[in-house]
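Participant: 100 is the number that the numbering used here gives to position 105 of the sequence shown; each next residue is one higher, with no gaps.
Mind looking over this structure? Questions follow.
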Amino acid sequence: MSIPMFRAAVAAAALPLAALAAADGTGDLRLGIAYGVATESDYHLHNAGESYERDVDDGEPLRLSAGYVHRFAAAGHSGPIGGLLAFYQQGPSGLDGPLGSFDYDLEATSFGFDLIAGYALALPPRLRLEGVAFGGYYLEQQQLRSATQDYPLTGDGWEAGLGAALFYALDERWDLGLDLRYLLLRESDADFGNGGSELESTGLLAGLVLAYRL
C-alpha cells in the first residue's frame, strides 16, 4: 500500500470524470448513506509463522458517499450512465474468537472511490430506475485492540459489485433514491513487520441517496 498509489488511482479516475462532465446529457451531484444489512466478513492475520482466521461478527459497515453521475440522455429520458463516487466507510468490526492468547476487537475504517457504469430507465412521470456495476480502490486502517494492547495496521484494497436504485423526483432539481449495493467482493491487505492481514467482505448494503441535477 502507498499514498502515491492512491493518488495515482484518483488522478486516473478523474480523467473519465472530466470527460463525463463535458459530454452531452444531464448530470447530478449525489450524497448517500448506506448500511450493511446482510454482509459477511473474514479476517486473516499472520505474524512470525503463526496464522489465525476469524469471522468478523459484530458491527455491520456504515458508508457515506459523495460524487457525480452523468446520464447520456436528456432529463426525463432513459440512457446509459457513468460516474465517480468517493466514500468513507466505518466497519466492519468485531472478531468471533481470540488471536493467539489475546481477545482482540477489530475496527476497520476506509476511504476510497468507485467508478460506476450502467443504465437509467425513466418511468414517467417521476420515477427512475438505475442498474449499475461498480468497482473501486480504497485505503484502510485496521485497529486491533485488546485489554492491554493496541495495534494500528494500514493497507489498501479493492471492491466490485452490482447495484440498483429507484429515484423519485421531488421537483425539477432534487431526486431522492433508495439504493441497494451488493458487494461481490471487497478485499484489503495490510503489512506490518514480519506479518500482515487480509479482510474480505461480501453482501448487501442498503441506503438513501439525495441527488441534485445540474
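Every residue gets a Cβ at the ideal spot worked out from N, C-alpha and C, and that includes glycine.
Kindly list the residues whose CB is nearer than 6 angstroms to the CB of D109, restricted to its own chain and excluding five residues on each side of it in sequence; keep chain order.
Facilitator: The answer, listed in chain order, is L80, F129 and G131.
Participant: Let me know the secondary structure DSSP gives L209 once reduced to three states.
Facilitator: Residue state, collapsed to three classes: coil.
Participant: With three or more C-beta pairs closer than 8 angstroms as the rule, is the region 161 to 174 touching the region 188 to 199?
Facilitator: They do not touch, by the three-pair rule.
Participant: Using the beta-carbon count (16 or more within 10 Å), is G71 buried or exposed?
Facilitator: G71 should be labelled exposed.
Participant: Starting from the N-terminal side, write out each stretch of the beta strand (DSSP E) that is 3 residues or longer and does not extend beyond the region 73 to 113.
Facilitator: You should have 74 to 88.
Participant: For a test of the three-state rule: what should DSSP assign to G71, helix, strand or coil?
Facilitator: The answer is coil: DSSP assigns G71 none of H, G, I, E or B.
Participant: Is it true that the CB of F67 sits closer than 8 angstroms to the CB of G20?
Facilitator: Yes.
Participant: Looking only at DSSP bridge pairs, what is P147 linked to?
Facilitator: According to DSSP, P147 bridges with Q138.
Participant: Helix, strand or coil for R58 per DSSP?
Facilitator: Strand.
Participant: Is L122 closer than 8 angstroms to L165 when the C-beta atoms are compared?
Facilitator: Taking 8 angstroms as the Cβ cut-off, L165 and L122 do not qualify as a contacting pair.
Participant: Tell me which residue opens and which closes the beta strand (DSSP E) that L26 is part of.
Facilitator: L26 -> beta strand (DSSP E) spans T21 to N42.
Participant: Can you give the Cα-Cα distance for S46 and A201, rounded to whole angstroms?
Facilitator: Between S46 and A201, the C-alpha separation is close to 34 angstroms.
Participant: What first and last residue would you give for the beta strand (DSSP E) that runs through R176?
Facilitator: Taken as a continuous stretch (DSSP letters only), the beta strand (DSSP E) holding R176 covers W169 to F187.
Participant: With a threshold of 8 angstroms on Cβ separation, who are the neighbours of M(-4) within its own chain once the five nearest residues in sequence on each side are excluded?
Facilitator: With a pLDDT of only 47 at M(-4), under 50, the local geometry of the prediction cannot be trusted, and the value read off the model is given with reservation. Cβ neighbours of M(-4) beyond the five flanking positions: L134, T149, G150, D151, D184, A185 and D186.
Participant: As a quick exercise: from G31, L205 and D100, pick the residue whose alpha carbon is nearest that of D145.
Facilitator: Minimum Cα distance to D145 is reached at D100.
Participant: Do S36 and the ligand SAM come close, with the Cβ less than 7 angstroms from some heavy atom?
Facilitator: Among the components of this structure there are no ligands whatsoever, and the ligand SAM is therefore not found.
Participant: Closest to A206 by C-alpha separation, out of Y163, G191 and D91, would be which residue?
Facilitator: Ranking the options by Cα distance to A206, first place goes to Y163.
Participant: What residue range does the beta strand (DSSP E) around R49 cover?
Facilitator: E45 to V51 is the extent of the beta strand (DSSP E) around R49.
Participant: For V64, does the count of other Cβ atoms within 10 angstroms reach 16, so buried, or fall short, so exposed?
Facilitator: That one is buried.
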